[in-house]
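In the numbering used here, the protein residues as written are 1397 to 1493. Using N, Cα and C, we set each Cβ at its ideal position, and we do this for glycine too. Only one structure is covered here, and it is reproduced in the block below.
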């Protein structure tokens, strides 16, 4: 009788296949991708939901944990199921476990 594979085992297999075939990790493994233009514009892709948002802070869930963006005069200019466009003075980006 075979041992049932855990989610962790499945992720490790996907990671190995992704590396071997040189596939983009953000697409295959659904990892977040952050584009930063200067200190005034940020695009976050592959997020799982917004936790908190105000003019000084933005928090979103992702497969890698919570992503926290701090700044001043932050505003959401565009939002879809796959991406968020933030504008304002971006001061820091953190991953929180």
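Q: Enumerate, from N- to C-terminal direction, the unbroken beta strand (DSSP E) stretches of 3 or more residues contained entirely within the segment 1416-1459.
A: With a minimum length of 3 residues, the continuous beta strand (DSSP E) runs that stay inside the segment 1416-1459 are 1429-1433, 1437-1441, 1445-1450, 1453-1458.
Q. Quick one, are the C-beta atoms of residue 1468 and residue 1485 less than 7 Å apart?
A. The residue given as residue 1468 occupies position 72 in the chain shown. The residue given as residue 1485 occupies position 89 in the chain shown. Contact check for residue 1468 against residue 1485 passes: the beta carbons are separated by less than 7 Å.
**Q.** Cα-Cα separation, residue 1493 to residue 1462
**A.** For this step, residue 1493 is matched to residue 97 along the chain shown. For this step, residue 1462 is matched to residue 66 along the chain shown. Distance from the CA of residue 1493 to the CA of residue 1462, rounded to the nearest whole angstrom, comes to 6 Å.
Q: Use the C-beta contact count for residue 1456: other C-beta atoms within 10 angstroms, 16 or more gives buried, fewer gives exposed.
A: Indexing the chain shown from 1 puts residue 1456 at position 60. Buried, because 16 or more other Cβ atoms sit within 10 Å of the Cβ of residue 1456.
Q: Alpha carbon to alpha carbon, how far is residue 1445 from residue 1471? Give it in angstroms, no decimals.
A: Here residue 1471 refers to the residue found at position 75 of the chain shown. Here residue 1445 refers to the residue found at position 49 of the chain shown. The alpha-carbon of residue 1471 is positioned some 16 Å away from that of residue 1445.
Q) Count the other CB atoms within 10 Å of the CB of residue 1458; is the residue buried (16 or more) or exposed (fewer)? A) Translated into the one-based positions of the chain shown, residue 1458 becomes position 62. In summary, residue 1458 is buried, with 16 or more beta-carbon neighbours lying within 10 Å of its beta-carbon over all protein chains present.
**Q.** residue 1447 versus residue 1408 - alpha carbon distance
**A.** What you label residue 1447 is simply residue 51 of the chain shown in a count that begins at 1. What you label residue 1408 is simply residue 12 of the chain shown in a count that begins at 1. Whole-angstrom Cα-Cα distance: 28 Å.
(Q) Can you give me the C-alpha to C-alpha distance between residue 1451 and residue 1416, rounded to a whole angstrom? (A) Within the chain shown, numbered from 1, the residue matching residue 1451 stands at position 55. Within the chain shown, numbered from 1, the residue matching residue 1416 stands at position 20. Distance between the alpha carbons of residue 1451 and residue 1416: 42 Å.
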